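If you read the sequence shown in the numbering used here, its first letter stands for residue 22, the second for the next number, and so on.
To start, the structure itself, in structure tokens.
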Amino acid sequence: MTGRDRSADPPILGSELPDGVRFIGPEPGDTPRWPFPDDAPGPDDLAACVACGLCLPHCPTYRLTGEESASPRGRIAAMRAVQDGRADPDPAFVRFMDVCLACRACEDVCPSHVPFGRMMERARVQIEPLRPRRARALRRLGLDLVLPRRWMLWLAAAVQPAAVWLMPRRVRALVPHRSELFRRLPRVTEPSGSPRGTVALLSGCVQDRWFRPVHRAAIRVLARHGWRVVVPRGQTCCGALAAHNGHLATARRQAERNLEPFAGADVVAVDAAGCGAHLSEIGELLGTEPARAFSARVRDVIELLSVDAPAPIANPGITRVAYHDACHALRAQGIREQPRALLRAIPDLEVVDIARGDRCCGAAGLYNVLEPEMSSHLRRDKAEAIVATGAQAVASANPGCSMQLAAGLAELGATVEVLHPIEILDRAYLAADAVR
22 MTGRDRSADP PILGSELPDG VRFIGPEPGD TPRWPFPDDA PGPDDLAACV
72 ACGLCLPHCP TYRLTGEESA SPRGRIAAMR AVQDGRADPD PAFVRFMDVC
122 LACRACEDVC PSHVPFGRMM ERARVQIEPL RPRRARALRR LGLDLVLPRR
172 WMLWLAAAVQ PAAVWLMPRR VRALVPHRSE LFRRLPRVTE PSGSPRGTVA
222 LLSGCVQDRW FRPVHRAAIR VLARHGWRVV VPRGQTCCGA LAAHNGHLAT
272 ARRQAERNLE PFAGADVVAV DAAGCGAHLS EIGELLGTEP ARAFSARVRD
322 VIELLSVDAP APIANPGITR VAYHDACHAL RAQGIREQPR ALLRAIPDLE
372 VVDIARGDRC CGAAGLYNVL EPEMSSHLRR DKAEAIVATG AQAVASANPG
422 CSMQLAAGLA ELGATVEVLH PIEILDRAYL AADAVR
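If you want it as structure tokens, here you go:
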């Protein structure tokens, strides 16, 4: 904004940044004009926060820094200041928004039900024009071009073995090495026994290219439980990463593209927590009845299987598993007890909780790449807590979390296998088949 001299105004939240945090924003000397995009945080959402501070001890970045600017309350105060015209967006404002994990832990404890995740997505739309030209170009390349185009993801995965060694070490450690480029998922899998209905499986982008064994396990288990499983042609990336990083226009285009391929299925099944949380909210993102109807049909595969699923009768070779709560499963979808109950039904399998398990692992979409210092603290804490359980495996229902946990455990030299809960269930059923 322009129109009055603010040089004498007191700072809104102070000018100090958290120790060890790098600034990623406009180059020094830049004075970008503020465009006020339509996707700014809404006045009603901003007014909902009463600044009570109950969120502060639950915010990972506030716990690490002790800075008000790294708390939900501080970020909302900055959003209000910009909306009210008391401050212009500047490097500090960009920094406040970038350091947030968008884990939504604050939403769980907020007595006013402030929709902080939605507000953060819209605040990041505001700060995108303020980034350096090179940063904007790289984000457009990844979020607007590569992720929505499956052939580009195929190409990226194809060159991964050679390209991975050109990446910085901190990024290289996060890249999984189990893509199945030349083995397509079956388009239709018929159910075993009495049919329950048809589910359409979201194959997605990152989950499909680097965690396709999770999809295969999900298809086998769903079919075993009476579901006809279809993997629709024409589907694209769900748009979660674009939405979380301020590219809401791209996220809306991806959401629109996915409505038609999934039409006709009783359920839209998702085996990636971040994707499931995002798809369950595209009714709000698009604001149309078809989108709301789509969101109403979205189910996490574990949530779907928790209803009348027969228990496996054999152990998959794991005696103790630690369960990791992905933020977007726990916070956005309320999925906590269902996966634990399904795993505990497996014979001779002990399911243990991780100390401070409700805290974010630091993956948070692209956060572990864009904010390595902050992310590394959270990754190490989580990995150490997993090792302390003495578990042979850790169950993780989100690809970003799985990469983060694998990297953290590797840093500690720990031999703990990272598996999706559906993979553990699938192994148990296959073990039962083998002894029959």
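Glycine included, C-beta positions come from ideal geometry on N, C-alpha and C.
This structure is a prediction, so every number in the text was calculated from the model and none was measured.
Nonlocal neighbours in the same chain, by C-beta distance under 6 Å from residue i, ignoring five residues either side
i: Glu-324; result: Ile-356 and Gln-359
i: Arg-241; result: Asp-447
i: Val-135; result: Ala-69 and Cys-70
i: Ala-350; result: Ala-294, Ile-356 and Ala-418
i: Arg-233; result: Glu-201
i: Ser-133; result: Ala-69 and Val-71
Residue i to residue j span [Cα, whole Å]
i: Leu-370; j: Val-342; result: 7 Å
i: Met-141; j: Asn-279; result: 24 Å
i: Ile-339; j: Gln-413; result: 7 Å
i: Gly-297; j: Leu-206; result: 19 Å
i: Arg-377; j: His-265; result: 24 Å
i: Arg-43; j: Phe-114; result: Unreliable positioning characterises Arg-43 in this predicted model, as indicated by a pLDDT of 35, which lies under 50. The coordinate reading is nonetheless provided below. Cα to Cα, the separation comes out at about 14 Å.
i: Ile-45; j: Ala-449; result: With a pLDDT of 34 at Ile-45, under the threshold of 50, the modelled position of that residue is not reliable, and no figure is offered here.
i: Leu-387; j: Pro-368; result: 37 Å
i: Asp-379; j: Ala-409; result: 16 Å
i: Val-459; j: Arg-107; result: Here the chain covers residues 22 to 457 and nothing more, so residue 459 does not appear.
i: Thr-82; j: Arg-143; result: 19 Å
i: Lys-403; j: Thr-86; result: 17 Å
i: Gly-138; j: Ala-455; result: 45 Å
i: His-236; j: His-441; result: 10 Å
i: Arg-320; j: Val-291; result: 6 Å
i: Arg-217; j: Ala-286; result: 12 Å
i: Ile-443; j: Pro-212; result: 17 Å
i: Arg-245; j: Gly-214; result: 8 Å
i: Ile-407; j: Gln-104; result: 42 Å
i: Asp-109; j: Cys-131; result: 28 Å
i: Glu-302; j: Ser-316; result: 6 Å
i: Asp-65; j: Gly-267; result: 20 Å
i: Leu-243; j: Ala-156; result: 42 Å
i: Leu-306; j: Gly-434; result: 42 Å
Other residues of its chain near residue i: CB distance less than 7 Å, five sequence neighbours each side excluded
i: Ala-453; result: Pro-333, Ile-334 and Ala-335
i: Val-372; result: Val-342, Tyr-344, Arg-361, Leu-364 and Arg-365
i: Arg-313; result: Gly-304
i: Pro-93; result: Cys-76, Cys-80, Cys-127 and Phe-137
i: Ala-91; result: Pro-39, Thr-82, Tyr-83 and Val-120
Extent of the continuous alpha helix (DSSP H) to which residue i belongs
i: Glu-438; result: Here Glu-438 belongs to no alpha helix (DSSP H); instead the beta strand (DSSP E) covers 438-440.
i: Val-130; result: 126-130
i: Asp-66; result: 64-69
i: Asp-229; result: 227-231
i: Val-135; result: Run containing Val-135: none; DSSP gives neither H nor E here.
i: Ala-156; result: 154-160
i: Asp-374; result: Careful: Asp-374 lies outside any alpha helix (DSSP H), inside the beta strand (DSSP E) at 371-374.
i: Val-103; result: 93-105
Residue from the options whose Cα sits closest to the Cα of residue i
i: Arg-170; options: Arg-230, Glu-211 and Cys-121; result: Arg-230
i: Pro-253; options: Arg-274, Ala-238 and Val-220; result: Val-220
i: Ala-123; options: Ala-455, Thr-436, Glu-211 and Ile-97; result: Ile-97
i: Gln-5; options: Glu-128, Asp-65, Ser-92 and Leu-67; result: Absent from the model: residue 5. The displayed extent of the chain is 22 to 457, so no value can be given.
i: Pro-420; options: Gly-308, Asp-119, Glu-88 and Ala-384; result: Ala-384
i: Pro-476; options: Cys-258, Leu-451, Ala-238 and Val-437; result: Residue 476 lies beyond the residue range present for the chain, which begins at 22 and ends at 457; the question has no answer from this structure.
i: Gly-225; options: Gly-429, Ala-61, Ala-276 and Leu-433; result: Ala-276
i: Ala-416; options: Thr-436, Asp-346 and Glu-88; result: Asp-346
i: Leu-161; options: Val-328, Asp-111, Thr-271 and Asn-389; result: Note on residue identity: the sequence assigns Arg, not Leu, to residue 161. It is Thr-271.
i: Pro-8; options: Pro-153, Ile-375 and Thr-309; result: What the structure shows of the chain is the stretch from 22 to 457, and residue 8 is not part of that stretch, so it cannot be assessed.
i: Arg-318; options: Leu-300, Ser-327 and Leu-164; result: Leu-300
i: Cys-259; options: Val-251, Thr-309, Leu-168 and Phe-203; result: Leu-168
First and last residue of the uninterrupted beta strand (DSSP E) at residue i
i: Leu-222; result: 218-222
i: Arg-249; result: 248-251
i: Arg-320; result: 319-321
i: Ala-431; result: Run containing Ala-431: none in the beta strand (DSSP E); it sits in the alpha helix (DSSP H), 420-432.
i: Val-342; result: 341-344
i: Ala-21; result: Residue 21 is absent from the structure shown; the chain starts at 22 and stops at 457.
Beta-carbon proximity list for residue i, same chain, < 8 Å, skipping 5 on both sides
i: Gly-255; result: Arg-278, Glu-281 and Pro-282
i: Cys-381; result: Pro-81, Leu-122, Cys-124, Ala-126, Cys-348 and Leu-399
i: Pro-49; result: Any reading at Pro-49 needs caution, since the residue's pLDDT is 42, under 50, leaving its predicted position unreliable; the model's value is listed next. Hits under 8 Å: none found.
i: Leu-269; result: Asp-60, Glu-142, Arg-143, Val-146, Ala-263 and Leu-306
Notebook entry, point to check: Looking at C-beta atoms only, is the number of pairs between the region 140-160 and the region 71-78 that lie closer than 8 Å three or more?
Noted result: no
Notebook entry, point to check: Taking contact to mean at least 3 C-beta pairs separated by less than 8 Å, is the region 418-433 in contact with the region 386-405?
Noted result: yes
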